[in-house]
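Under my numbering, the first residue of the sequence shown carries the number 52, and numbering increases by one thereafter.
For each residue, glycine too, the CB sits at the ideal point set by N, CA and C.
This one's a predicted model, so the numbers in the text were calculated from it and none came from an experiment.
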Amino acid sequence: MTDAFRSSFRSIRGKLTLAAVTPLMVILLLVSLAASYLINASIVEQTQKQIRNDLNAARVVLEQEQQRLHEVVRFTARANELLQAVALNDISQISHFLDDIKQREQLDILNLTGIDGKPLLHNDQQMVKVADFVSTTLEQGHYHGTVLMSETELRRESRDLPKKAQIFAPGQSKIPSERRGMFLIASTLLLDAKGNPLGCLYGGALLNNNLPLIDRISELVYGDDDFEGVAIGSATIFLGKQRIATTVRLKNGKRAIGTKVSEEVAEAVLNRGEFWLARAKVVDEWYLTAYEPIFDDNGKALGALYVGMLEKPLTAVKSRSFMTLFGLLILGCLLGGLLSGYIARRLSRPLLALATSAEKIAGGERNVPLPIAGQDEVGHLTMAFADMTSALKRSDDELQKLNRQLEKKVEERTSQLEEKSLQLIKTQEQLLRHEKLAAIGSLATGVAHEINNPAAIIRGNVEILQMSLPADCEEQEEVSEIKKQVERVSLITRNLLNFAGKQELATDQVDLRQLLQEILAQISHQQPIDQVEIDFQLNNLPLIPGDRERLRQVFTNIVLNALQAMNGTGSLCVHGDIDNRQACLRISDTGPGIPEEIREKIFNPFFTTKKQGTGLGLSVSYGIIKAHGGSISIDSSEQGSSFLICLPLGNHPAN
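Laid out in structure tokens, this is it:
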């Protein structure tokens, strides 16, 4: 199906269609991206405006509450009952009257001071510092603002206020994280009938845990709408970094009172007194938020007012907009493709007819009728093609004559070229294999040296530990196992060095015939050879210089692999000859052969197809042969595998 799709666009009709559709797709894509960007920008801009308006609305609710306090205090200060009680200095009547007003108007504080600013109804009658807002009222006649009271000041106002103001962090129910209280305060002078000041009357609403107020803000600004079970909007009043009244909820459904604002927002709003309008994570969800500081009379930020809109609904709107634009893009491309295909089909019909005629001529036909030529470019092409066909017919005869002469020469040269090409390919393969194994050998040498040092240290410490433990100690078995595994690591590194040719060789005069006979005589202990036919022809090989035991390791490994490949039955051939000052031995088996895809990997360290193998046998053999200045290669087919090992007859430096 993919080939058919590709071939359709190789045709002239496909190219015309593609030429028409591509600009259309690019234009539609750019329009879609621009529309998506503008829609997203518009959504973000409108949302930011909405958040700013929401914060203004929340501030208005607080200001209305502040104004309500001011009106309550102002009208209470004019009440005749209160003025008469103050004139008579009837503390009980004053307290009873103010308590009724406080309960009816749902105030947390409603108190009266004397002209000296000292409260008349405090629980603690000791001398206390006159509150700043009281001093302001006595000087200016009235006051309204935000005031922060300590736990001691709360207790003086009412015994219940300290407990009511306490804020507990989530998970804490015994030790409050905040004991102070933040109030909306309004106060005014209490005047007698002649306008003389009698004292200061002040009232306040505690913002700590003031859930009715914060719920009223949230309901007024956002209503009851939610998204996937989460309220779309939220509102919070902060004292410092801590939420003291909020509609934000935790995962368990409880209000997030006691949680803190992020450090980034706290730095901007509380420390620098700035307005914040940005995306922020509120407890567990992302919101588009707005914060503004709540200042005291001295311009210090006591806390903050927050409103936020859940980001998920906006993300969903953006996703729907994008999917709609994407659908329109796909639809436009499909319609444009269909229309372009129809037009291209009409335009390419004469060219297709000409192409069909050209194919027939290319197939050997010469009397092929050509389509009727018009006066356009296609007509000119048809006429030129007719002239070309006539010229082609004349030249065919000449070409056939030359062709017969060339065929003979081509056959001769082809035979020679094939022979040389095969030799070149074989030489290139051997060169690439040697370069690859040399690179792996260099890497193996580095790895082996790096492993040897820590292995030697581990082995030495294990031996010291073994000597320090009693002979009947239970840990002796584990220590012995550690020592055994360290020895195994050392063996692997030695094999890696053998593969890389980084070992010292003994200089013996080795009789290869005798060595192979010994190996075949001894290998029956490892692999049964009763049903294996052995063809052994090593008659004229001279002694060669080399390390007898290392060469024994090489030939034992190759012979054992051959016997295992035949699985106990077959034919094992061991032939030797002298070629170009080298003793060459070929060890062949009649096993299933080595697949081509793994043939290039068999000399790589740790590559094995056996379940119990380490993958170092042939790689070590390769290193030993290279260290002797020789070479090792393999030929394999479905009829079996053949290893060719060549070793120099004289003294040659090791690679």
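Element boundaries [beta strand (DSSP E), containing T287]
Here residue 287 is taken as the residue at index 236 of the sequence shown, counted from 1. Counting along the chain, the beta strand (DSSP E) containing T287 begins and ends at 284 to 290.
Span of the alpha helix (DSSP H) around K215:
As a position in the sequence shown, residue 215 is number 164, starting the count at 1. Membership of K215 in the alpha helix (DSSP H) is indicated by the continuous run 212 to 216.
Does L475 pass the burial test, meaning 16 or more other C-beta atoms within 10 Å, or should it be called exposed?
For the purposes of this step, residue 475 is identified with residue 424 of the sequence shown, where counting begins at 1. By the 10 Å Cβ count, L475 comes out exposed.
Cutoff 7 Å; reference S201; Cβ partners in own chain excluding five residues on either side
Indexing the sequence shown from 1 puts residue 201 at position 150. Around S201: R231.
Helix, strand or coil for Q633 per DSSP?
For the purposes of this step, residue 633 is taken as residue 582 along the sequence shown, with counting starting at 1. Correct three-state label for Q633: strand.
Buried or exposed: which applies to K100, given that a residue is buried once 16 or more other Cβ atoms fall within 10 Å of its Cβ?
Taking the sequence shown and counting its residues from 1, the one referred to as residue 100 is at position 49. Answer is exposed; the Cβ neighbour count stays below 16.
Counting C-beta neighbours from all protein chains within 10 Å, is the total for S466 16 or more, i.e. buried, or is it exposed?
Residue mapping note: residue 466 aligns to position 415 of the sequence shown, counting from 1. Around the beta-carbon of S466, fewer than 16 other beta-carbon atoms lie within 10 Å, marking it exposed.
Here's a check: name, in chain order, each residue in its chain whose Cβ is nearer than 6 Å to the Cβ of T340, leaving out the five neighbours to either side.
Reading the sequence shown from its first residue, position 289 is the one you call residue 340. Shown here for T340: same chain residues with a beta carbon closer than 6 Å to its own, the five before and five after excluded, namely A331, G359 in chain order.
State the start and end residues of the unbroken beta strand (DSSP E) segment that holds N608.
As a working mapping, residue 608 is identified with position 557 in the sequence shown. Here N608 belongs to no beta strand (DSSP E); instead the alpha helix (DSSP H) covers 599 to 617.
Distance check for E462 and I574, CA to CA, integer angstroms please.
For the purposes of this step, residue 574 is taken as residue 523 along the sequence shown, with counting starting at 1. For the purposes of this step, residue 462 is taken as residue 411 along the sequence shown, with counting starting at 1. If you draw a straight line from the Cα of I574 to the Cα of E462, it is about 52 Å long.
For P213, which residues of its own chain have a beta-carbon under 6 Å away from its beta-carbon, when the five flanking residues on both sides are left out?
Taking the first residue of the sequence shown as position 1, residue 213 is located at position 162. The answer, listed in chain order, is E202, L205, R206.
Under the rule that 16 or more other beta-carbon atoms within 10 Å means buried, what is R455, buried or exposed?
Position 404 of the sequence shown holds residue 455. Burial is judged here by how many other beta carbons sit within 10 angstroms of a residue's own beta carbon; R455 has fewer than 16 and is exposed.
Option in T164, K305, E114, L386 with minimal Cα separation from L264
Translated into positions along the sequence shown, residue 264 becomes position 213. Checked all of T164, K305, E114, L386; the closest Cα to L264 is E114.
Just the C-alpha distance for P699 and S692, rounded to the nearest angstrom, thanks.
Taking the sequence shown and counting its residues from 1, one reaches residue 699 at position 648. Taking the sequence shown and counting its residues from 1, one reaches residue 692 at position 641. Taking C-alpha positions only, P699 is separated from S692 by approximately 23 Å.
Leaving out five residues before and five after L708 in sequence, what residues of the same chain have Cβ atoms less than 8 Å from its Cβ?
The displayed coordinates of the chain run from 52 to 706. Any statement about residue 708 would go beyond what the structure contains.
In this structure, does DSSP put T239 in helix, strand or coil?
The count along the sequence shown starts at 1 and reaches residue 239 at position 188. Three-state DSSP puts T239 in a strand.
Decide yes or no for the touch test of the stretch 155 to 173 against the stretch 265 to 280: beta carbon pairs closer than 8 Å, at least 3 of them.
Touching, no, given that fewer than three Cβ pairs across the two stretches are closer than 8 Å.
Using beta-carbon positions only, say whether V583 and G621 come within less than 7 Å of one another.
Mapped onto the sequence shown, residue 583 falls at position 532. Mapped onto the sequence shown, residue 621 falls at position 570. It is a contact, given that the beta carbons lie within the stated cut-off.
Would you kindly work out how many angstroms separate the C-alpha atoms of A286 and Q191, rounded to a whole number?
Residue 286 sits at position 235 when you count from the first residue of the sequence shown. Residue 191 sits at position 140 when you count from the first residue of the sequence shown. Roughly 34 Å between the two C-alpha positions.
Report the option in A678, S684, G680, D628 whose CA atom is closest to the CA atom of F654.
As a first step, residue 654 must be located in the sequence shown, where it is residue number 603. Cα-wise, what sits closest to F654 is S684.
Whole angstroms are fine: how far does the CA of Q144 sit from the CA of N274?
Taking the first residue of the sequence shown as position 1, residue 274 is located at position 223. Taking the first residue of the sequence shown as position 1, residue 144 is located at position 93. Correcting the residue identity first, residue 274 is Gly in this sequence and not Asn. Each residue's alpha carbon lies about 43 Å from the other.
Go through its chain and collect everything with a Cβ distance to S186's Cβ below 7 Å, but skip five positions before and after it.
Here residue 186 refers to the residue found at position 135 when the sequence shown is read from its first residue. G168.
With L235 and L252 assumed to form a contact (beta carbons below 8 Å), what rounded beta-carbon distance in angstroms separates them?
Here the question's residue 235 lines up with position 184 in the sequence shown. Here the question's residue 252 lines up with position 201 in the sequence shown. That belief does not hold up - the Cβ atoms of L235 and L252 are roughly 15 Å apart, past 8 Å.
Give the secondary structure of L520 by DSSP, where H, G and I count as helix, E and B as strand, and everything else as coil.
Mapped onto the sequence shown, residue 520 falls at position 469. Note: L520 maps to coil in three-state DSSP.
For A319, the first and last residue of its enclosing beta strand (DSSP E):
In the sequence shown, counting from the first residue as 1, residue 319 sits at position 268. Unbroken run through A319: none, as it is neither H nor E.
C-beta atoms of V707 and K534 nearer than 7 Å:
Residue 707 falls outside the range modelled here, since the chain spans only 52 to 706, and no answer is possible.
Do you know whose CA, among Q536, N591, W337, V610, lies nearest E569's CA?
Locating residue 569 in the sequence shown gives position 518, counting from the first residue. Looking at the Cα atoms, V610 is the closest of the given residues.
Collapsed DSSP secondary structure at R129 in the structure displayed
On the sequence shown, residue 129 is found 78 positions in, with the first residue counted as 1. R129 carries a coil assignment under DSSP once its states are collapsed to helix, strand and coil.
Pull up the CB-CB distance for W327 and Y338, whole angstroms please, since I reckon it's below 8 Å.
Taking the first residue of the sequence shown as position 1, residue 327 is located at position 276. Taking the first residue of the sequence shown as position 1, residue 338 is located at position 287. Not a contact, Cβ separation roughly 12 Å.
Roughly how many angstroms lie between the CA atoms of Q154 and Q97, to the nearest whole one?
Counting from 1 along the sequence shown, the entry for residue 154 is found at position 103. Counting from 1 along the sequence shown, the entry for residue 97 is found at position 46. If I take the Cα positions, the gap works out to 43 Å.
My parser needs the alpha helix (DSSP H) runs of 4 or more residues fully inside the stretch 668 to 703; what are they?
Correct list: 668 to 678.
Contact with chain C by L594, beta-carbon distance below 7 Å:
This model lacks chain C altogether; it includes just one protein chain.
Can you name the start and end residues of the alpha helix (DSSP H) that F148 belongs to?
Against the sequence shown, residue 148 aligns to sequence position 97. For F148, the enclosing alpha helix (DSSP H) covers residues 142 to 155.
Rounded C-beta distance between F606 and L567? I'm assuming under 8 Å.
To locate residue 606, count along the sequence shown from 1; it is residue 555. To locate residue 567, count along the sequence shown from 1; it is residue 516. A Cβ-Cβ distance of about 6 Å is found for the pair F606 and L567, placing them in contact under the 8 Å criterion.
Taking just the CA atoms, how far does I308 sit from L301?
For the purposes of this step, residue 301 is taken as residue 250 along the sequence shown, with counting starting at 1. For the purposes of this step, residue 308 is taken as residue 257 along the sequence shown, with counting starting at 1. Taking the straight line joining both Cα atoms gives about 9 Å.
Straight-line Cα distance separating G383 from F377:
Within the sequence shown, numbered from 1, the residue matching residue 377 stands at position 326. Within the sequence shown, numbered from 1, the residue matching residue 383 stands at position 332. Separation of F377 and G383 (C-alpha to C-alpha, rounded to the nearest whole angstrom) is 10 Å.
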